[in-house]
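Heads up: the sequence shown at position 147 corresponds to 127 in the numbering used here, and the numbers run straight through without jumps. All C-beta atoms, glycine included, are put in the ideal place defined by N, C-alpha and C. Computed from a predicted structure; not experimentally measured. Worksheet: the structure to be examined is printed underneath.
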Amino acid sequence: MIGTAAATVAVASACSHSPGGTAATPTEHAYANSLIISLQDARRIANFEGLQPYSYADRHDPPRETVGNPPAPCRAVGATDLTFAGGWKEYRSVAYAGSTDDLRPGGIAPINEVTNAVVVYPDAAAAHGALNQLHATLDQCVSLHHTAYDFALNKPDTATLKLGSDGWIHLYTVKSAVLVSVGVLGIEPTEQIANTVLQTVTDRIK
């Protein structure tokens, strides 16, 4: 059973995005583009051929809009303009999603999604500062005990943040001057898939 926090993420994807092709990448985002996972990567890692790209999520700047009316610090969950501190040099995000034949009560097909964003900062200090700022903001969100954001927040090491609830996980990590965001919703084993995506991206960082 996917928890409320995961359902909130799913609603954001379902309401804001529509499947489609990927947009052209400006040359000034070439490094960030070289780090992001491809559709083929996502399908292989998740072992789910039904994944398709969402054109809305194929971006070179973080979205400012939100679904619903979340408390201010909770807007940082996922990948929005509040998630990543300003001053970055390059930004790239993608999302791949699909549904299965395993209908829930009411005939609703569950959403399965893999998301990835990479944000390149001027240096490692700026990237770590962005992660620390995100940690503080997410702590504020957790402290509100909002029913739509009932996730657990952990910091496995000094360079990584982990958010999770039933059927959903989001990881943020810093390597060198890059802040990497990975989310997996509804595809099991959720944490293993997220960790493999994260490792795939960080292995590409120079």
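Check each candidate in the options and name the one with the smallest Cα separation from residue i.
i: V74; options: V160, R55, A116; result: V160
i: F28; options: T117, G109, H125, I173; result: I173
i: Y129; options: C54, A26, V162; result: C54
i: H40; options: Q120, V99, I91; result: V99
i: T63; options: E70, H115, G166, V154; result: H115
i: V177; options: Q113, A26, A12; result: A26
i: K69; options: A110, S79, N49; result: A110
Could you have a look at residue i and say whether DSSP puts it in helix, strand or coil?
i: F28; result: coil
i: S73; result: strand
i: A37; result: helix
i: N134; result: strand
i: A65; result: coil
i: A97; result: strand
Give me the Cβ distance between residue i and residue j, rounded to the nearest whole Å; I'm assuming they're in contact under 8 Å.
i: L143; j: L118; result: 7 Å
So, is residue i buried or exposed, given that buried needs 16 or more other C-beta atoms within 10 angstroms?
i: H9; result: buried
i: P33; result: buried
i: T138; result: exposed
i: D38; result: buried
i: P169; result: exposed
message: List, from N- to C-terminal side, the alpha helix (DSSP H) runs of 4 residues or more that fit wholly inside the segment 106 to 185.
response: Counting only runs of 4 or more, we get 170 to 182.
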